[in-house]
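Undergrad: Going by my numbering, the first residue of the sequence shown is number 14, and it counts up by one from there.
C-beta atoms are modelled at their ideal positions from N, C-alpha and C, and glycine is treated no differently.
All values derive from a computational prediction rather than experimental measurement.
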Amino acid sequence: CYGLERTAGGQGQGLDQEAVQASVYGLPELYRDRLPAARLVAVPGCYSTASLLAIAPLLKRGLIQPETLIIDAKLGGSGLAQALQPQVRLAEVEQSIAAYGVARHRQTPEIEQICSELLGHDVMVQFTPHLVPRVRGLLSTVYGTLRDPGLVREDLLTIYRAFYQRSPWVRILPANTYPQTQWTWGTNCCDIGIEVDSRTGRVIVMGAIDNLMKGEASQAVQCLNLMMGWDETLGLSTMALFP
């Protein structure tokens, strides 16, 4: 339901507008304080989860020019399995990588709405998803131009570590280490790597998750834990690897 007002016409036909307004966005790292009182939680999509966790500190601190935001993401076939279309069956995508939903993916409005909330004003992002020949895993790479060209990678690593210090499932990787989807398989973790290109003045932030876990099922459990006042990590330490 998030991003509804940004969809075609912004009318939201067929959806309960009262429920939409009452819902809390289920990304605990950003909305943890709202979840205990929530009666309805809208758990994010997998692309939105990885992309927003990668970019949130930059937006909250006003470190980038928001109009320069570009998100390039890759997803394993399990993220589209329900579509049952030939182009998303693993046998069909083997040995191939393809973009889809270019300039019109359904999670673009969701990403834009939360980015706008973080900034305090409307923002548009360029988002292009790709399907890769893997069963599970999602890697989102976010690009943006820094407001302060003097910022270096170590500055941003410090900022990210401070921003996520209360977030047990976000792992900020050391300098020169970039996330791999296999490191997050079966977990509720989001691994984040950061680099600054001094030639272009751009920051590159990479976020990797298991699309079936942090991108879906385990994130819902994480939200439930917070709603019930339980330990945020309850029931989430066991690996889950099917498919």
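Report all residues from its chain with a CB closer than 7 Å to the CB of ALA51; omit the five preceding and five following residues, and keep chain order.
TA: Answer for ALA51: VAL37 and MET240, listed in chain order.
Undergrad: List in chain order: all unbroken beta strand (DSSP E) runs of 3+ residues lying wholly within the segment 120-155.
TA: Fully enclosed beta strand (DSSP E) runs of 3 or longer: 139-144.
Undergrad: I'd like the ranges of any beta strand (DSSP E) spanning at least 3 consecutive residues and lying wholly in the segment 44-97.
TA: Taking only runs of at least 3 residues, the beta strand (DSSP E) segments lying wholly in the segment 44-97 are 77-88.
Undergrad: Expressed to the nearest angstrom, what Euclidean distance is found between the alpha-carbon atoms of ALA67 and SER153?
TA: Distance between the alpha carbons of ALA67 and SER153 is about 8 Å.
Undergrad: Taking 7 Å as the limit between beta carbons, can you name the residues of its chain near PHE140, skipping five residues before and five after?
TA: Within the same chain, PHE140 has close Cβ partners ILE84, HIS118, THR121 and ILE124.
Undergrad: Take ILE222 as the anchor and find which of PHE176, ASP204, ARG212 and SER109 has the nearest alpha-carbon.
TA: Taking only the C-alpha atoms, the option nearest ILE222 is ASP204.
Undergrad: Using DSSP's beta-bridge definition, name the partner residues of CYS236.
TA: CYS236 pairs with nothing; no bridge assigned.
Undergrad: With the cut-off set at 8 Å, would you say LEU151 and LEU88 are in Cβ contact?
TA: Result yes, Cβ atoms of LEU151 and LEU88 sit closer than 8 Å.
Undergrad: Looking only at its own chain, which residues have a Cβ that is under 8 Å from the Cβ of LEU254, when we skip the five neighbours before and after it?
TA: These residues qualify, in order along the chain: TRP198 and GLY199.
Undergrad: MET226 by DSSP, collapsed to three states: which one?
TA: Three-state DSSP puts MET226 in coil, outside helix and strand.
Undergrad: Please report the residue range of the beta strand (DSSP E) in which ILE172 lies.
TA: Not the beta strand (DSSP E): ILE172 falls in the alpha helix (DSSP H), residues 166-176.
Undergrad: Spatial neighbours of TRP196 within its chain, please: C-beta separation below 8 Å, excluding the five flanking residues on both sides.
TA: Contacts found: CYS202, ASP204 and ALA221.
Undergrad: Within the continuous alpha helix (DSSP H) that includes GLU31, where are the two ends?
TA: Its alpha helix (DSSP H) spans residues 30-35.
Undergrad: Taking the CB atoms as reference points, tell me whether GLY228 and THR62 lie closer together than 8 Å.
TA: Yes, Cβ-Cβ distance for GLY228 and THR62 is below 8 Å.
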